Amino acid sequence: MELLRIERTDKSPRVIFDPVDKQFELSGKSLPENVMEFYAPVLKWLNSYKEKPAASTEFNIKLIYFNTASSKMILDILLILEEMVEEGHEVLVRWHAYRTDEDMQEAGREYEEMVHVPFEHLVYD
4 MELLRIERTD KSPRVIFDPV DKQFELSGKS LPENVMEFYA PVLKWLNSYK EKPAASTEFN
64 IKLIYFNTAS SKMILDILLI LEEMVEEGHE VLVRWHAYRT DEDMQEAGRE YEEMVHVPFE
124 HLVYD
């Protein structure tokens, strides 16, 4: 599979899906003008990846803000990861949040309750 890289803007997150270097990251802010258009290639890539994933996948979510429309797309990403887990693949979601950002910490806990994927919550200054 080829690398998927989308650079961060003021309204859209940085996306790095690199199966060679085993780097999977969604970071920054997510409030794109057209959330479906932005996330379509992300979901397409992940659906292809889940057919032949690496032995283990560590998925880092380092968002500092996301809007309601993006929250559905994040759940869709997590549901694809859940399918991988159900098929016997090793997946870990690392949810990163600032210590002072209780909303993002709570969002991570809520997503963890919605899907059957192992989560690691990382809080930093």
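Take 4 as the starting number for the sequence shown in this note's numbering and just add one per residue. Cβ coordinates follow ideal geometry from the N, Cα and C atoms, glycine included. Here the structure is a predicted model, which is why all the values come from computation and not from measurement.
Ignore the nearest five residues each way along the sequence and tell me which others in residue 19's own chain have a CB closer than 6 Å to its CB.
8, 26, 28
In whole angstroms, what separates the C-alpha of residue 77 from that of residue 24?
Taking the straight line joining both Cα atoms gives about 22 Å.
If you measure between the beta carbons of residue 126 and residue 94, is that distance less than 8 Å?
no
CA-CA distance, residue 80 and residue 89?
14 Å
Are residue 87 and residue 56 close, meaning C-beta to C-beta below 8 Å?
In contact: residue 87 and residue 56 (Cβ atoms closer than 8 Å).
Pull up the DSSP beta-bridge partners for residue 31, would you.
66
Hey, how far is the Cα of residue 17 from the Cα of residue 5?
17 Å
Just checking my contact of residue 46 with residue 73 at CB under 8 Å: how many whole Å lie between their CB atoms?
That pair is no contact at about 13 Å.
Per DSSP, residue 83 is paired with what?
BP columns for residue 83 are empty, so no partner.
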